[in-house]
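First up is the structure itself, then whatever we jot down about it.
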Amino acid sequence: MASTTPALNDTVADITRRIRERSSERRALYESRMADQHRRGVHRGELSCGNLAHGFAACGAEDKNSLKLMNAANLGIISSYNDMLSAHQPLETFPETIKTAARAMGSTAQFAGGVPAMCDGVTQGQPGMELSLFSRDVIAMATAVGLSHNMFDAVLYLGVCDKIVPGLFIAAARFGHLPAMFVPAGPMPSGLPNKEKARIRQLFAEGKASREDLLEAESASYHSPGTCTFYGTANSNQLMMEMMGLHLPGTSFVNPGTEMREALTRFATEQAIRNTEPGGDYRPFYRQIDERAIVNAIVGLLASGGSTNHTLHLVAMAAAAGLTITWEDFTDLSAVTPSLMQVYPNGQADINHFQAAGGMSLLIRELIGAGLIHTDIPTVFGTDMTAYTQEPFLEDGKLVWREGPTASLDPEVLRPVAEPFAPTGGLTVLNGNLGRGVIKVSAVKPEHRLVEAPIKIFEDQNDLKAAFEAGELDRDVIAVVRFQGPKANGMPELHKLTPYLGVLQDRGHKVALVTDGRMSGASGKVPAAIHISPEALDGGPLAKLKDGDIVRLDADRGSLEVKVDAHEWAEREQRIGELDHYHVGLGRELFGGFRHLAMRGEEGAGVFGGFEADDLARQEGQIHEDDA
Numbered sequence: 033m034a035s036t037t038p039a040l041n042d043t044v045a046d047i048t049r050r051i052r053e054r055s056s057e058r059r060a061l062y063e064s065r066m067a068d069q070h071r072r073g074v075h076r077g078e079l080s081c082g083n084l085a086h087g088f089a090a091c092g093a094e095d096k097n098s099l100k101l102m103n104a105a106n107l108g109i110i111s112s113y114n115d116m117l118s119a120h121q122p123l124e125t126f127p128e129t130i131k132t133a134a135r136a137m138g139s140t141a142q143f144a145g146g147v148p149a150m151c152d153g154v155t156q157g158q159p160g161m162e163l164s165l166f167s168r169d170v171i172a173m174a175t176a177v178g179l180s181h182n183m184f185d186a187v188l189y190l191g192v193c194d195k196i197v198p199g200l201f202i203a204a205a206r207f208g209h210l211p212a213m214f215v216p217a218g219p220m221p222s223g224l225p226n227k228e229k230a231r232i233r234q235l236f237a238e239g240k241a242s243r244e245d246l247l248e249a250e251s252a253s254y255h256s257p258g259t260c261t262f263y264g265t266a267n268s269n270q271l272m273m274e275m276m277g278l279h280l281p282g283t284s285f286v287n288p289g290t291e292m293r294e295a296l297t298r299f300a301t302e303q304a305i306r307n308t309e310p311g312g313d314y315r316p317f318y319r320q321i322d323e324r325a326i327v328n329a330i331v332g333l334l335a336s337g338g339s340t341n342h343t344l345h346l347v348a349m350a351a352a353a354g355l356t357i358t359w360e361d362f363t364d365l366s367a368v369t370p371s372l373m374q375v376y377p378n379g380q381a382d383i384n385h386f387q388a389a390g391g392m393s394l395l396i397r398e399l400i401g402a403g404l405i406h407t408d409i410p411t412v413f414g415t416d417m418t419a420y421t422q423e424p425f426l427e428d429g430k431l432v433w434r435e436g437p438t439a440s441l442d443p444e445v446l447r448p449v450a451e452p453f454a455p456t457g458g459l460t461v462l463n464g465n466l467g468r469g470v471i472k473v474s475a476v477k478p479e480h481r482l483v484e485a486p487i488k489i490f491e492d493q494n495d496l497k498a499a500f501e502a503g504e505l506d507r508d509v510i511a512v513v514r515f516q517g518p519k520a521n522g523m524p525e526l527h528k529l530t531p532y533l534g535v536l537q538d539r540g541h542k543v544a545l546v547t548d549g550r551m552s553g554a555s556g557k558v559p560a561a562i563h564i565s566p567e568a569l570d571g572g573p574l575a576k577l578k579d580g581d582i583v584r585l586d587a588d589r590g591s592l593e594v595k596v597d598a599h600e601w602a603e604r605e606q607r608i609g610e611l612d613h614y615h616v617g618l619g620r621e622l623f624g625g626f627r628h629l630a631m632r633g634e635e636g637a638g639v640f641g642g643f644e645a646d647d648l649a650r651q652e653g654q655i656h657e658d659d660a
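Okay, so the sequence shown: first residue is 33 according to this note's numbering, each after it adds one.
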């Protein structure tokens, strides 16, 4: 099959090459470190008798006997399970399924550790949202603690939502000598149509629907175990994991609580064992994930109109694997990647409709056929990416894979490359005298992509709601919400603002949002320039703006400019935000160190620095110092 694979698109090949060349030194250092860790021992064989006795003291006799032997695999389980949040609740039963499947293979599995999993849907517009982005790095660290016991030959990562999968990925990269299998839980069944949910949200914002009406609509939409069905960060995570070959083919969007979901979890366990050294086909993470896999993830994100959060997350994820990617890589790939999916907020369908229309197998088939993704990467399935045009079926209770559909069953949801929804991807990078940021355009109608209007400045998202209710925004307006970056207050999502701005747009006004905060994977019909870097607290130009300044946002041209005389602009002073109220309460005081360490949005907004890049920079600095 590989011999008939179309040639790689020239732009995709060029961008992959420049990432490889840009990252060559740090990637080489990363690979050297992972190989060294492998040589030092990847499992319990390196432990002393006392260490080992502690490691299996709580196990049953069967598992204890297996763990005493060094010729069988022991899997570590890292899970984001909690029973409060719908996306993670199904994971409750996964460890026992995994342990049973491992024993049937003559191996073992141990629950190595749980990681926190917060829900942006619960914390949206609340103080707790200011911990959300930093939770990604906490998850990575919590995973490292769980794996630090060095008892494992491979790891099963159980996670779904916004920061959880990126955090798990970062940890998997730093434990890159271990094979990794990402195991999703799947989306909840479809509930209230997204269009109706959005309609009632806007009615509530206008005071035309009661809180009881709103709660009823929200409860009918988010109604059962499983991931939310709109195409936000959680479902973008799943798509990207499959695009990188870290999932089994076709596993991303199978509903929880089904026979197929359990069969896929069992098979993931069996395949993870086969991918270990004792299993005979050692496939460590660091040999699997390189610049080709990261490019596949970006292309998949762009073709699907995925979450803007991944312009932060993918940068941090790639860095953990010794790779440097930039927002220009997103922009240049977007120029050659057609938009093939319309799932809410980009359309009215949900992720279950996408699955029914052809799902991942058809999307990957189309991208391979157009030469837009790398097929020659090793995957957890034991194949290259050409096998990911298949989807799973149960035959007499046994899991098998067959070729998926070759044409869309619903062209309003999923289209071929030859007839895309748009010729380019759904994300654009913005540049100008207000800094650099990103905008998701896949849900924004063409007539709303250029906005030039006076600005109204806010330094707290709750003030925008008050201004809306007072009628102060009933005009052409660009709302600037600043001091929302990672150093200021942890870079919360500002999705709570969408209904108010959407009402203004529906009234015929030219409306946009400009912020150094985030707008989430649910970014919708209102143009939103987000992740503006540098942030206002870090010397960014948003801190120079004054109410009434004219700003021009042109998503099609990728520009963001304030129309102020250059001399006057250079002379303006930076406003210093009043941020103390952001730093105390609901645990925010515990994250002061994170705010201090946070990197810029374009660098991934993480707290770990650049890993090997930082080490190389220090070495270079020492060489120059010695020469001097």
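Just so it is clear, CB atoms sit at the ideal spot from N, CA and C, and this is done for glycine as well.
Proximity winner among the options, relative to residue i (alpha-carbon distances)
i    : options                   : result
L271 : L592, A205, P198 and Q606 : P198
A454 : L190, L372, A45 and A649  : L372
E451 : G458, L459 and S440       : S440
E228 : L247, N341 and R206       : L247
L190 : G146, V177, L117 and H613 : G146
G282 : Y532, K595, L648 and F425 : F425
G178 : F207, G153 and C151       : F207
D42  : L505, F623, H406 and D492 : H406
S111 : M102, C81 and A144        : A144
G689 : E435, T358 and T411       : With the chain represented from 33 up to 660, any question about residue 689 goes unanswered, as that position is not in the structure.
T37  : D495, I396, R539 and K497 : I396
For residue j and residue i, the rounded distance between their alpha carbons
i    : j    : result
L529 : G138 : 54 Å
T418 : I400 : 8 Å
P448 : E398 : 6 Å
S35  : H181 : Note that S35 scores a pLDDT of 46, beneath 50, so its modelled location is shaky; the value from the coordinates is reported in the next line. Their backbone Cα atoms lie some 43 Å apart in a straight line.
L592 : E484 : 10 Å
R76  : P518 : 39 Å
R71  : D115 : 39 Å
M33  : F126 : For M33, the pLDDT reaches just 40, beneath the cut-off of 50, and the residue's location in the model is therefore unreliable, leaving the point undetermined.
T421 : A389 : 14 Å
S474 : S167 : 27 Å
F184 : P559 : 47 Å
A587 : A45  : 26 Å
A89  : L79  : 14 Å
G258 : N226 : 16 Å
L585 : A502 : 25 Å
Contact under 8 Å by Cβ, residue i with residue j
i    : j    : result
K276 : N328 : Strictly speaking, residue 276 in this sequence is Met, with Lys absent from that position. Yes.
L165 : G403 : no
K488 : A511 : yes
L84  : I305 : no
V509 : V476 : no
F299 : L431 : yes
S253 : G223 : yes
T547 : R514 : yes
S256 : P221 : yes
T265 : D361 : no
Y318 : E63  : yes
Residue i - DSSP class collapsed to helix/strand/coil
i    : result
D586 : strand
G624 : helix
Q422 : strand
F143 : strand
L372 : coil
H541 : coil
L611 : coil
P7   : Outside the displayed span of the chain (33 to 660) sits residue 7, for which this structure offers no information.
K472 : strand
S284 : coil
V546 : strand
Y189 : strand
A348 : helix
H563 : strand
Chain C contact for residue i (CB, 8 Å cutoff)
i    : result
G178 : The structure shown contains no chain C, having only a single protein chain.
_For the structure I just gave you, are there three or more beta carbon pairs, one from the segment 599–610 and one from the segment 570–581, closer than 8 Å?_
yes
*Is the segment 207–217 touching the segment 138–155 in the sense that three or more CB pairs, one from each, lie closer than 8 Å?*
no
*Meets three-Cβ-pair contact criterion under 8 Å: the segment 625–644 and the segment 345–362*: yes
*asked:* Pairs of beta-carbons, one from the segment 86–100 and one from the segment 114–122, closer than 8 Å: are there three or more?
replied: no
*Just checking, does the segment 283–298 make contact with the segment 349–368 on the three C-beta pairs under 8 Å criterion?*
no
*Three-pair Cβ contact test at 8 Å for the segment 461–470 versus the segment 309–329*: no
*Could you say if the segment 327–342 and the segment 614–634 meet the contact criterion of at least three C-beta pairs nearer than 8 Å?*
no
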